[in-house]
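Read in order, the letters of the sequence shown are residues 10 to 194 in the numbering used here. Every residue gets a Cβ at the ideal spot worked out from N, C-alpha and C, and that includes glycine.
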Amino acid sequence: MLLNVRQYGDPVLRAVSAPVEKITDDLKNLVENMLETMYATEGIGLAAPQVGVNMRLVVIDIPEDEEEGEEPEMITVNGEQKPMRSIMPLVFVNPELEPYGKQYLFTEGCLSVRGIRANVSRPEFVKARLTLLDGSTLELDCGGLLARCLQHECDHLDGFLYVDRVSSAAKITLAKKLKKLAASY
Ligand code: NI
Numbered sequence: 010m011l012l013n014v015r016q017y018g019d020p021v022l023r024a025v026s027a028p029v030e031k032i033t034d035d036l037k038n039l040v041e042n043m044l045e046t047m048y049a050t051e052g053i054g055l056a057a058p059q060v061g062v063n064m065r066l067v068v069i070d071i072p073e074d075e076e077e078g079e080e081p082e083m084i085t086v087n088g089e090q091k092p093m094r095s096i097m098p099l100v101f102v103n104p105e106l107e108p109y110g111k112q113y114l115f116t117e118g119c120l121s122v123r124g125i126r127a128n129v130s131r132p133e134f135v136k137a138r139l140t141l142l143d144g145s146t147l148e149l150d151c152g153g154l155l156a157r158c159l160q161h162e163c164d165h166l167d168g169f170l171y172v173d174r175v176s177s178a179a180k181i182t183l184a185k186k187l188k189k190l191a192a193s194y
């Protein structure tokens, strides 16, 4: 079932979400619907608050860059090198992130902030401790798009949006558009 993706201005996007205490059938059902919604909107990540649920739950699916002759992107998963694609789709609750490395600018967009993209500065790498739906723990160490996506999605769980993190000059440029979005959500 496709879910309604909440838009900028909706207070549900600004709340701090609660930890998931138990993986229930309802939660698994929500995950299925979130994945379906993410694929239908061509997103690469979706956090539960974006569909109106203030729980610390995220789904991510990053496609492999399909350049010919490119090696698959490798990341560290529980201490072992594995292809990034091997853990997709990635569904987790109660993430703990430790971003590290140099800040770098990258263009972000968000399914909850329609029609806008902007450069955001974040650390290049992330160490993450994620709880999967079977109760197991996944420890990741990664860079690239996954590190970026993890930081963006986990921000949603604390009520932050990427537009909060753009430079002050970019904030001035975005202000009008954001005001319009907030008025029409
Ligand atoms: Ni987002």
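Around the C-beta of methionine 10, fewer than 16 other C-beta atoms lie within 10 Å, and the residue is accordingly described as exposed. C-alpha of glutamate 162 to C-alpha of leucine 183: approximately 21 angstroms in a straight line. The straight-line gap separating the alpha-carbon atoms of alanine 179 and aspartate 164 is approximately 19 angstroms. Considering only Val175, Gly168, Glu117 and Ser193, the residue with the shortest C-alpha distance to arginine 157 is Glu117. Leucine 44 has its Cβ no nearer than 7 angstroms to any heavy atom of ligand 1.
Spanning the alpha carbons of leucine 12 and valine 60 requires a straight line of approximately 6 angstroms. At a threshold of 7 angstroms, leucine 120 counts as near ligand 1, since its beta carbon sits closer than that to one of the ligand's heavy atoms.
Secondary structure at methionine 43: helix, using DSSP grouped into helix, strand and coil.
Between leucine 159 and valine 135 the beta-carbon gap is near 5 angstroms, inside 8 angstroms, which marks them as a contact. Taking 8 angstroms as the cut-off, the Cβ atoms of isoleucine 69 and leucine 149 do not count as close. Below 8 angstroms, enough C-beta pairs join the region 48-59 and the region 106-121 to call them touching: three or more. Comparing alpha carbon positions, the residue from Ala191, Pro98 and Val172 closest to valine 67 is Pro98.
Leucine 190 is classed as buried because its beta carbon has at least 16 other beta carbons within 10 Å across all chains shown.
Per DSSP, the unbroken alpha helix (DSSP H) holding glycine 153 starts and ends at 153-166.
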